[in-house]
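Asks: Counted the way UniProt numbering counts, the sequence shown spans residues 1 to 170. Once you've had a glance at the structure underneath, I'll fire off some questions.
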Amino acid sequence: MTAPTDHDLPPLNATPPGLYRHYKGGWYDVIDTVRCSETLQGMTLYRALYGGFGLWVRPAAMFAERGVFEGKEQPRFTPHDPARVPLGDLATARALIAHLRGRAQRERGTDLDTALRPPPPEPDSCCGRGCNGCVWEGFYEALHHWRVDALELLGPHAPPLARVAAPQGG
Numbered sequence: 001m002t003a004p005t006d007h008d009l010p011p012l013n014a015t016p017p018g019l020y021r022h023y024k025g026g027w028y029d030v031i032d033t034v035r036c037s038e039t040l041q042g043m044t045l046y047r048a049l050y051g052g053f054g055l056w057v058r059p060a061a062m063f064a065e066r067g068v069f070e071g072k073e074q075p076r077f078t079p080h081d082p083a084r085v086p087l088g089d090l091a092t093a094r095a096l097i098a099h100l101r102g103r104a105q106r107e108r109g110t111d112l113d114t115a116l117r118p119p120p121p122e123p124d125s126c127c128g129r130g131c132n133g134c135v136w137e138g139f140y141e142a143l144h145h146w147r148v149d150a151l152e153l154l155g156p157h158a159p160p161l162a163r164v165a166a167p168q169g170g
């Protein structure tokens, strides 16, 4: 018996890498689609962008499925363009930062905080009264600029990150 080749395997039905949101609201970073050695089924490898940031696998067909969840038909996971994710809540901000850092590490083998700069720190001085010009507005504005710069650095026309020098001194 001859060993099977890639041409003998069932279709992988790959999930495109990227930033996804689950219908329950959690954010996830799809890293790749891999094959189960026992069933040969395509499995989506993804990382939770909250809690312990654990790695998970789920059948690719299940990852991509639409169904009736919470009483309405919708996709289980929805892809999101990191450039267009609205910055208005802390869970989304943290997920975006983690996604872009992970992407820089996987695609370019670099620490985004070193190649660019760290993202803005989360405010710790909000009074909670909804002030005009709240510290959170400033945080989300600064995060927007960090995101633009990070995506430019990761874009197809970006120079190799090895050539991007971190600022010297203070």
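The beta carbon of each residue, even a glycine, is placed where N, CA and C say it ideally should be.
#1: Counting C-beta neighbours from all protein chains within 10 Å, is the total for histidine 99 16 or more, i.e. buried, or is it exposed?
#2: What residues are listed by DSSP as bridge partners for glycine 18?
#3: Can you tell me whether proline 121 is buried or exposed, with buried defined as 16 or more other CB within 10 angstroms of its CB?
#4: So is threonine 78 buried or exposed if we call it buried at 16+ other beta carbons inside 10 Å?
#5: According to DSSP, is leucine 55 part of a helix, a strand, or is it coil?
#6: Out of Asp113, Thr2, Pro118 and Ala14, which one is the CA nearest neighbour of methionine 62?
#7: Start and end of the beta strand (DSSP E) containing residue 173?
#8: So, with DSSP's three-state summary, where would you put histidine 99?
#9: Would you mind giving the Cβ-Cβ distance between tryptophan 56 and alanine 64, rounded to the nearest angstrom? I have them listed as a contact below 8 Å.
#10: Which residues in the same chain as cysteine 126 place their Cβ atom closer than 7 Å to its Cβ, once the five residues preceding and following it in sequence are excluded?
Replies: With the structure as the only source:
#1: buried
#2: Val30
#3: exposed
#4: exposed
#5: strand
#6: Ala14
#7: Outside the displayed range of the chain (1 to 170) lies residue 173, so it cannot be described from this structure.
#8: helix
#9: Not a contact, Cβ separation roughly 15 Å.
#10: Cys134, Val135 and Trp136
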